[in-house]
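Using full-length UniProt numbering, the letters of the sequence shown map in sequence onto residues 1 to 125.
Glycine included, every Cβ here is placed at the ideal spot set by N, Cα and C.
Owing to the predicted nature of the structure, the values given are computational and were not obtained by experimental measurement.
One structure is given below, encoded as structure tokens.
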Amino acid sequence: MEAKDFLKYKNWVVAGDVLNEMKYAGRIYQKLNRRGYHVAGLHPKEENPSVFKSFQDLEGEDVKYEVLNLVINPTRGLEIVQDAEAYGIKMVLAQPGARSYEIQDFCVKHGMEYVEGCTLVELSY
């Protein structure tokens, strides 16, 4: 599977600084929304009610999210991927700067599709 294949799925979680449109997470979050995707923003430290702090917060949603887009420090990203796996997400797209061998290894060991790529590039086609 390649990064472009993830775009077939319409329910995404973007993990990172999604409220800051100057950051890549914010750009990705906004662009997916504009393209008609159902997107949830996730950031463990965010105090804004429009952003989820954990996958546990997503449990009450009517939507079942399918793709996790990591745009966050890999140290924090590993914990988010672990929570995503427990939630039931099977696809992880790791942006440059959010990648790590530990995240990739966890995904492989738990049957999750792991791809390194750039959502903004894929959305530009």
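Reference residue i; option with closest CA among the options
| i | options | result |
| --- | --- | --- |
| residue 128 | 86, 70 and 34 | Here the chain has residues from 1 to 125 only, and residue 128 is not among them. |
| residue 47 | 39, 17 and 68 | 17 |
| residue 108 | 59, 117, 82 and 124 | 82 |
Contact check, residue i vs residue j, beta carbons under 8 Å
| i | j | result |
| --- | --- | --- |
| residue 80 | residue 42 | yes |
| residue 74 | residue 99 | yes |
| residue 55 | residue 84 | yes |
Beta-carbon separation (whole angstroms), residue i vs residue j, contact threshold 8 Å
| i | j | result |
| --- | --- | --- |
| residue 37 | residue 10 | 5 Å |
| residue 66 | residue 103 | Between residue 103 and residue 66 the Cβ distance is about 18 Å, and since that is not below 8 Å, they are no contact. |
| residue 93 | residue 121 | In fact, because the Cβ distance is near 11 Å, the residues do not count as touching under 8 Å. |
| residue 6 | residue 112 | Rounded, the Cβ-Cβ distance is 12 Å, inconsistent with contact. |
6 Å CB neighbourhood of residue i in its chain, flanking five on each side removed
| i | result |
| --- | --- |
| residue 44 | 53 |
| residue 77 | 70, 98 and 103 |
Which complete alpha helix (DSSP H) runs does the UniProt domain "CoA-binding" (10 to 123) hold, if anything under 4 residues is left out? 24 to 34, 55 to 58, 74 to 87, 101 to 109 and 119 to 123
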